[in-house]
Structures are given as C-alpha cells and as structure tokens.
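K.L.:
So the sequence shown is numbered by the numbering used here: it starts at -10 and just counts up by one. Cβ atoms here follow ideal geometry from the backbone N, Cα and C, with glycine treated the same way. If you're wondering where the values come from, they're calculated on a predicted model, not measured in any experiment. If you scroll down you'll find the structure; I have some questions about it.
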Amino acid sequence: MAAKKITTNTLAELLKRVPPNQMKQFEAFRAKTLEYNNRVNQYPDKLPTIDWEYYRNNVQEGKIKMVEQFQIKYEELKHVFSSRHKVLDHAKYYVELKKLTAQVQEEVKRFIEDSINRIRIYEDEMRRIKGLRYENMTLEQFVEEREDIAKFIPGQGKALFWPHNAEEQLQEAMKLDVKDGGDGDKSKEKPEI
-10 MAAKKITTNT LAELLKRVPP NQMKQFEAFR AKTLEYNNRV NQYPDKLPTI
40 DWEYYRNNVQ EGKIKMVEQF QIKYEELKHV FSSRHKVLDH AKYYVELKKL
90 TAQVQEEVKR FIEDSINRIR IYEDEMRRIK GLRYENMTLE QFVEEREDIA
140 KFIPGQGKAL FWPHNAEEQL QEAMKLDVKD GGDGDKSKEK PEI
C-alpha cells in the first residue's frame, strides 16, 4: 500500500511539470505505471511464513535434512529480497552510461564537422553561382561555364556551338543525338573520339 501512495504522489508531482503538448505521453506512462503497481501490490509485502516444525514432524526421517536445507535457503532468499538494493552494483550502469554518452557525443561531433564541411562546399557553390551573370550569357557560354549540367540541356539532335560541325562540340554534346554535325549535310559523319 505504501508503494501505491508514493507512486500516486510522485505522479501528481510529475503532472505539474508536464507541458501540454506531452500529455498523451504522460497518460501512457501513467497507465503503465499504475498497471505495474497493481501487479506488484497484489502480492504481500513480506514472504509468507512457513511452519518449519510442521514439516519436520510430518516428513520421513531421511527427508528432515532436506527440510532444514530448504529452510536455510528460504531465509537467505528473505535476506536477499530485503537487501536487494544494497546488493546491486549501480556503479557499473553509470560506467556503461558514461561510455555510451561519450560514444554518442563523438558521433555528434563528427556529424557536426561533416555538416560544417558540407555547408562550406554549398556556400562556395552559391557564391560561384551568384557571381555568374546568366542574364548576359548565351547558351554556348552557359554550357562552357557549367559543363557539369551540359548533358541536361536538350540538344534535340542539333549542334550547340557555332560553327555547327562535330569538331567544335563538347564531348557531352557529342553524346547527344547529333547525326549530321548540325549543318544539314547527311553525308558527313561524326569524327571518332
């Protein structure tokens, strides 16, 4: 009964500190806590007492030693149960927690460094792009400046650069479907690259 009272008081104190947007999580936690307490409280606070004299008097002569051994083990169990919090070594859990915390902090530090490097790369690319004067460029100048995206400009089988022959085109443009070099003469073939 004391555990139930303590839990109710503790939950009431926690309820005062829970923000409104976390009430659903708190209600789930509260339900689990109360269900656990109900399961624990259905058992008595102390282990049941056993009448050892009754067993010693009513067992066979050869089994009396077994009853005495059982009595010793049962009393040890009572002692272990009553002092279970003293027996547990909580320090090892703190050591594991510290190791895990250090590992997570190292991962976070690496992620931050990688993110800063990516941000620098993106900022450099933004400065480069902002420095370009796209409104004054021709298509040929744009493709020369941005060879990385030249393959995405639809050539539709036409040469991109003047003079419209295969020798003057970029390698990416040559991969497009340029059959006649762009000057309309079907007899010319693409040069071997």
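Specify whether the segment 60 to 70 and the segment 31 to 39 touch according to this definition: at least 3 beta carbon pairs, one from each stretch, less than 8 Å apart.
P.N.:
Yes, the segment 60 to 70 touches the segment 31 to 39.
K.L.:
Can you give the beta carbon distance from residue 4 to residue 18, rounded, assuming they're within the 8 Å contact cut?
P.N.:
Not confirmed; about 10 Å, so no contact.
K.L.:
When you compare the CB positions of residue 29 and residue 44, do they come within less than 7 Å of one another, or not?
P.N.:
Result no, Cβ atoms of residue 29 and residue 44 do not sit closer than 7 Å.
K.L.:
State buried or exposed for residue 132, treating a residue as buried only when at least 16 other CB atoms are found within 10 Å of its CB.
P.N.:
It counts as buried.
K.L.:
For residue -1, which residues of its own chain have a beta-carbon under 7 Å away from its beta-carbon, when the five flanking residues on both sides are left out?
P.N.:
Excluding positions up to five away in sequence, the list is empty.
K.L.:
Measure the beta-carbon distance from residue 121 to residue 129 and round it to whole angstroms, keeping in mind my assumption that it falls under 8 Å.
P.N.:
14 Å between Cβ atoms; not a contact.
K.L.:
I need the straight-line Cα distance from residue 9 to residue 68, nearest angstrom please.
P.N.:
Between residue 9 and residue 68, the C-alpha separation is close to 45 Å.
K.L.:
Do you know offhand how far residue 6's Cα is from residue 12's?
P.N.:
Residue 6 and residue 12: Cα-Cα distance of roughly 10 Å.
K.L.:
Going by other Cβ atoms of all chains shown within 10 Å of its Cβ, with 16 needed for buried, is residue 139 buried or exposed?
P.N.:
Label assigned to residue 139: buried.
K.L.:
I need the DSSP call for residue 9, collapsed to helix, strand or coil.
P.N.:
If DSSP states are grouped into helix, strand and coil, residue 9 belongs with the helices.
K.L.:
Suppose you measure from the CA of residue 92 to the CA of residue 101; what does that come to, to the nearest Å?
P.N.:
Cα to Cα, the separation comes out at about 14 Å.
K.L.:
For residue 77 and residue 107, I'd like the C-alpha separation in whole angstroms.
P.N.:
C-alpha separation (whole angstroms): 47 Å.
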